[in-house]
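Numbering (our numbering), first residue to last: 2 to 150.
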């Protein structure tokens, strides 16, 4: 059976008000010629779908760029061995968590999840171990890639 659905969808600044036709229990490829306007209607629907996909892709790219910029800003605020040291997003989060715990301990606040009340030097040591572990992890990956080539 064919069902007509009145559909209003914003496409950027363009708003389309078009009826879309769906065929129940059939794949989209079998819908050729089911529209009221004849077979010429299908390319128009495909164009609308392509435009929607392009807009969704643009939104996703913007989202990814925003997150990457936020991680880069955070990376610049946490301690590292060198300014240009490349860290993964997970490494940045781990180091930031340890750094925040160290600063909190310095301010005599306890933000640790288990309220273990580490002293400041223990917090700094934990932050240093995380930095070293992330550096070793990167070196292992570089060595592995150079051997696999």
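Ideal Cβ positions, reconstructed from N, Cα and C, are used throughout, including at glycine. Here the structure is a predicted model, which means the values were calculated and not measured.
If I follow the unbroken alpha helix (DSSP H) through residue i, where does it start and stop?
i: residue 45; result: 42-78
i: residue 105; result: 90-107
Report yes if the C-beta distance between residue i and residue j is below 9 Å; otherwise report no.
i: residue 70; j: residue 131; result: no
i: residue 103; j: residue 81; result: no
i: residue 97; j: residue 125; result: no
How many whole angstroms separate the CB atoms of residue i and residue j, which I take to be in contact at a CB cut-off of 8 Å?
i: residue 76; j: residue 88; result: 6 Å
i: residue 72; j: residue 90; result: 5 Å
Measuring alpha carbon to alpha carbon, tell me which residue in the options is nearest residue i.
i: residue 107; options: 100, 121 and 99; result: 121
i: residue 123; options: 55, 58 and 100; result: 100
i: residue 135; options: 43, 42, 86 and 49; result: 86
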